[in-house]
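A.B. asks:
In the numbering used here, the protein residues as written are 2 to 176.
1) Using only CA atoms, which one of 98, 139, 112, 131 lies nearest to residue 154?
2) Does residue 93 come out as helix, strand or coil in the three-state DSSP assignment?
3) Tell me, please, whether the stretch 85-99 touches the stretch 45-52 by the rule of three or more beta-carbon pairs shorter than 8 Å.
4) Taking all protein chains shown into account, do 16 or more other C-beta atoms lie within 10 angstroms of the C-beta of residue 105, making it buried, or fewer, making it exposed?
5) Taking the straight line between their C-alpha atoms, what separation do you get for residue 142 and residue 67?
6) Residue 10 to residue 139, Cα distance in whole Å?
7) Report the option in 29, 41, 31 whose CA atom is closest to the CA atom of residue 110.
8) If you measure between the beta carbons of residue 196 and residue 114, is that distance less than 7 Å?
9) By the three-class DSSP mapping on this structure, what secondary structure does residue 2 have?
10) Return the first residue and the last residue of the alpha helix (DSSP H) that residue 160 is part of.
11) Where DSSP assigns a beta bridge to residue 64, which residues make up the other side?
12) Going by beta carbon distance, what residues of the same chain come within less than 6 Å of residue 164, once the five residues before and after it are set aside?
13) Look at the alpha carbon of residue 176 and the alpha carbon of residue 58, and state the distance between them as a whole number of angstroms.
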């Protein structure tokens, strides 16, 4: 079911790592990308929990990064190749916002991963999301911008309420 989410996960993680890049070389870039991908994977699976949700996403599309680009100030860049930024059409604003929330708030990340585990054995385990749930000092340094609550606040605030509602155990499972 979740393999159909791979374009959204890849594009949204790429957007996050471009908007909040790593500093410190190739290892830092790789660690930052892993953390972004783990957060985006959790967010995407929470946002699109059923095969029907994933199918509707495939029909309607995720919406793109235009609003996120405006919020972060990246909308002024004009690509030299028109096809170079086609991946941005696969960015999901809600998933990016939820991922930003998960990266900056451990109190949300743990119940989010736990909610996935309730979805069955193929939904994911806490060990699969170790760099999201228990980053070490190297992880934190690599993703300093991506995990900085003040820097990602404009993106995280967009759909924070939706994530907390989704994680509320008293709520019905609605995507």
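Cβ atoms here follow ideal geometry from the backbone N, Cα and C, with glycine treated the same way.
C.D. replies: In this structure, then:
1) Your numbering for residue 154 matches position 153 in the chain shown. Closest by alpha carbon: 98.
2) Taking the first residue of the chain shown as position 1, residue 93 is located at position 92. Strand.
3) yes
4) The sequence position of residue 105 within the chain shown is 104, counting from 1. With 16 or more Cβ atoms within 10 Å of its Cβ, residue 105 is classed as buried.
5) As a working mapping, residue 142 is identified with position 141 in the chain shown. As a working mapping, residue 67 is identified with position 66 in the chain shown. Roughly 28 Å between the two C-alpha positions.
6) Translated into the one-based positions of the chain shown, residue 10 becomes position 9. Translated into the one-based positions of the chain shown, residue 139 becomes position 138. If I take the Cα positions, the gap works out to 23 Å.
7) The residue given as residue 110 occupies position 109 in the chain shown. Nearest C-alpha to residue 110: 41.
8) Residue 196 cannot be examined here, being either before or after the span of the chain that is shown, 2 to 176.
9) Here the question's residue 2 lines up with position 1 in the chain shown. With a pLDDT of 41 at residue 2, under the threshold of 50, the predicted position of this residue should be treated as unreliable, though the coordinate-derived value follows. Looking at residue 2 - three-state DSSP - the assignment turns out to be coil, as it is neither helix nor strand.
10) Numbered from 1 along the chain shown, position 159 holds the residue referred to as residue 160. No alpha helix (DSSP H) contains residue 160, which DSSP labels as neither H nor E.
11) On the chain shown, position 63 is the one that residue 64 refers to. Bridge partners of residue 64: 93.
12) As a position in the chain shown, residue 164 is number 163, starting the count at 1. Cβ neighbours of residue 164 beyond the five flanking positions: 99, 102.
13) What you label residue 176 is simply residue 175 of the chain shown in a count that begins at 1. What you label residue 58 is simply residue 57 of the chain shown in a count that begins at 1. Note that residue 176 has pLDDT 48, beneath the 50 cutoff, so the model's placement of it is unreliable and the number below is only indicative. When rounded, the distance between both Cα atoms is 11 Å.
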